[in-house]
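Input: a single structure, listed below in structure tokens.
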Amino acid sequence: MKVLIGKIKNSGFKPQQIVCVARGGLIPGEIASRTFRAPLAVISVASYPDQTTQQEEIKFSRDLTSAKPLQRQAVLVVDDLTETGKTLVETVKWLCWWYTIESDQVRTATVWHKNWSAFVPDFYAELIAEDPVTGARPWIIQPQEQFCKSLES
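Position one of the sequence shown corresponds to residue 302 (the numbering used here), numbered consecutively onward.
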């Protein structure tokens with residue numbers, strides 16, 4: 302997250318609103334909200350049924366959840382990663398349409414960007430590449446996933 306926050310700061314972009322994509326973007330979104338002292342809003346998006354590795358149709362919650370009125374300038378949409386890029390593309394479209402935000406006011410950020418994604422976020426901390434020999438595409442196991450698995454034992 303330190304690398305991601307540094308890239309955002311160095312770009313000169315000053316977020317006035319953080320929108321995190323739940324569930325993966327909750328932790329990075331909260332960190333961005335605190336760092337930039339910008340209000341946090343949460344959009345719940347489902348695209349991986351039963352926590353599988355196959356992305357399906359994207360489903361949005363009906364509303365954005367926020368304790369403060371949504372700022373419509375300098376919006377930073379935060380998620381954990383880009384796999385296909387579909388989630389971020391559709392989230393930005395949904396926000397711009399539903400909340401009448403101009404698309405040039407929105408930037409995207411992820412912790413991990415997978416190089417086979419059709420969408421490249423404006424900011425990302427780490428590039429994940431396919432294995433050059435096997436072509437295997439790594440699956441990221443996040444710290445909170447490891448923790449939850451440890452509780453199951």
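For glycine and all other residues, C-beta sits at the position ideal for the given N, C-alpha and C.
In the structure shown, residue 361 adopts extended strand secondary structure according to DSSP, grouped into three states. Under DSSP, the beta-bridge partners assigned to residue 318 are 376. About 12 angstroms separates the beta carbons of residue 379 and residue 393, which is beyond the 8 angstroms limit, so they are not a contact pair. Measuring C-alpha to C-alpha distances from residue 358 to each of 366, 348, 364 identifies 348 as the nearest.
Between residue 414 and residue 382, the C-beta spacing is below 8 angstroms. Of 432, 317, 371, the smallest CA-CA separation from residue 401 is found for 371.
DSSP places residue 408 within a strand segment (E or B) once states are collapsed to three. In the three-state DSSP reduction, residue 420 falls in the coil class, being neither helix nor strand. Taking the CA atoms as reference points, residue 324 sits about 18 angstroms from residue 425.
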